[in-house]
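In the working numbering, the protein residues as written are 54 to 426.
Listed below in structure tokens is the structure:
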């Protein structure tokens, strides 16, 4: 997972104060107090009033932008950041946070430009180096990303986020031990760094340290009980340990927290499949497909479960859909071919099984020998 140091509300307290009309100043201060206590709607109302009192208050627009971003109004937030920067183009925080928003909106190059400007204004702004590093990584500039992360650490050795981000990169390259070392440092600097525990758990899982992975997922969940990804991934580890019932319990919690989490329902289906509960598996795959109609692997897996309850026509329909969505899915060709053979469509079925073999699916060989002489 990527991590940027957004921390929008906290940054409200760091923005250099500018001279304001007194009444506008009071509304801004009230809004900041409300925002930091979680009353975002109340804060928004105060910032609106501040702007009414002083339409040229860059700080009021900045503060309202931060609040709108936190409320999910990205378009409104971007407009307010633009206006704040028009009124005061010397605020590194305004450029940094507009960069965060642009990054979230998919405008990576625009985000990098904003981080560049923030760093130009404040060359010791470690946060912007970290954020620019993340944006550079997203556009494929790995060398630039690592350079920025390391610069952020040089400027602020107590800054946990760049260690986490370097760890993520190492993990993506298969350097799991190196990644864990970086996650360890991030957690040492910030023992409540939830995402670092989650990321370290992922690396431990990749190394086969399932006990350590579960311990870290446990910690991430303790810090954030609504962390559905952590429940899902802990379920994956339990599944690898063949604790399928325990895995289902975690997946159930993940989809309870995020009812639109198609992958969670898919994983429930896999666990039921491994418990030989094929009808229950099909029901879970149904839900995953309902949420994501282009979920090729869910069609493939549902087809396998249907085949095991002898619904060969239903299985064939699912394998056909899986192939349409992912023509490189050798398992789906195998499933399609075997289903056709069982439906007495031997010639067409053998062609599909042969295709699966050509794509490297080893199990196809035995079917070819048995049915396709």
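A virtual CB, placed ideally from N, CA and C, is assigned to each residue, including glycine.
Nearest C-alpha to residue 133 among 179, 101, 83: 101. 390 is the residue among 220, 80, 390, 399 whose C-alpha sits nearest the C-alpha of residue 408. Distance check between residue 345 and each of 317, 386, 177, 106 places 317 closest, using alpha-carbon atoms only. Look at residue 376 here: in three-state DSSP terms it is helix. The Cβ atoms of residue 181 and residue 145 sit closer than 8 Å to each other. Here DSSP, grouped into helix, strand and coil, assigns residue 422 to helix.
Between residue 81 and residue 113 the beta-carbon gap is near 6 Å, inside 8 Å, which marks them as a contact.
Cβ neighbours of residue 188 within its own chain (closer than 6 Å, five residues either side excluded): 156, 161, 164, 165. Using a Cβ distance threshold of 8 Å, residue 385 and residue 364 do not count as a contacting pair. Secondary structure at residue 126: coil, using DSSP grouped into helix, strand and coil. The Cβ-Cβ distance between residue 277 and residue 303 does not fall below 8 Å.
Rounded to whole angstroms, the separation of the alpha carbons of residue 392 and residue 347 is 21 Å. Secondary structure note for residue 161: its alpha helix (DSSP H) is the uninterrupted segment 161 to 174. With a cutoff of 8 Å on beta-carbon distance, residue 103 and residue 110 are scored as near each other. Leaving aside the five residues that flank residue 143 on each side, the residues in its chain whose CB is nearer than 7 Å to its CB run, in chain order, 174. In this chain, the alpha helix (DSSP H) harbouring residue 309 covers 297 to 310. In the structure shown, residue 290 falls within a helical segment according to DSSP collapsed to helix, strand and coil. The beta carbons of residue 179 and residue 147 sit no closer together than 8 Å.
Of the candidates 231, 191, 198, 243, 243 places its Cα closest to the Cα of residue 210. Under the 10 Å beta carbon count, residue 192 is surrounded by fewer than 16 other beta carbons and is classified as exposed.
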